[in-house]
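Engineer: Could you have a look at this structure, given as structure tokens, before my questions?
Residue numbers (my numbering): 1 to 158.
This is the structure in structure tokens:
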């Protein structure tokens, strides 16, 4: 799914827009799985545990990515925009488990209009992380429920 979220801090708007097709499970702020691969009975299989047990072949490996952009009205240099894009990956790590596997193509970008001065870059970075996390959860919350059921042998479309 595609999701967005906005965090406003010190007069600066920080918005993240992401397209989520993650291999890992999406978790909410409590760590509860809210989207991911499911077993035959409709339960989440917990992708991290599946990988740890050696059952990775159950998963659709190599077909996943999460890509997004943090957009802000802050005045950022190229170096600062790069730091926002880089640190926004922490938002992916807070919302997707596991993330950045060899089967994912996770990428984040940053765009800045330069309309508002930055008082403290660390605060903008923190807002970017939280906006990214929220956008990922929103992406899977707002999408239709397309369950793929995984059994012991092969994935099956319901």
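Where is the CB? At the ideal position from N, CA and C, for every residue including glycine. It should be emphasised that the depicted structure is a prediction, and the values quoted were computed from it without experimental measurement.
My output table needs one value for residue 75: the three-state DSSP class, helix, strand or coil.
Structural biologist: Along the chain shown, read from residue 1 onward, the residue named residue 75 stands at position 75. Coil at residue 75, not helix or strand.
Engineer: Suppose the cutoff is 6 Å on Cβ atoms and the five residues either side in sequence are ignored; what does the same chain contact list for residue 90 look like?
Structural biologist: Along the chain shown, read from residue 1 onward, the residue named residue 90 stands at position 90. Taken in chain order, the residues that qualify are 129.
Engineer: Would you tell me roughly how many angstroms separate the C-alpha atoms of residue 34 and residue 1, rounded to the nearest one?
Structural biologist: As a first step, residue 34 is located in the chain shown; it is residue number 34 there, counting from the start. As a first step, residue 1 is located in the chain shown; it is residue number 1 there, counting from the start. Each residue's alpha carbon lies about 13 Å from the other.
Engineer: Counting C-beta neighbours from all protein chains within 10 Å, is the total for residue 37 16 or more, i.e. buried, or is it exposed?
Structural biologist: If you number the chain shown from 1, residue 37 lands on position 37. With 16 or more Cβ atoms within 10 Å of its Cβ, residue 37 is classed as buried.
Engineer: Which residues mark the beginning and the end of the alpha helix (DSSP H) in which residue 99 is found?
Structural biologist: On the chain shown, position 99 is the one that residue 99 refers to. No alpha helix (DSSP H) holds residue 99; DSSP gives it neither H nor E.
Engineer: Along the chain, where does the beta strand (DSSP E) containing residue 21 start, and where does it finish?
Structural biologist: Position 21 of the chain shown, counted from the first residue, corresponds to residue 21. Taken as a continuous stretch (DSSP letters only), the beta strand (DSSP E) holding residue 21 covers 12-21.
Engineer: So what does residue 6 bridge to, in DSSP terms?
Structural biologist: Here residue 6 refers to the residue found at position 6 when the chain shown is read from its first residue. In the DSSP output, where bridge partners are listed per residue, residue 6 has 15.
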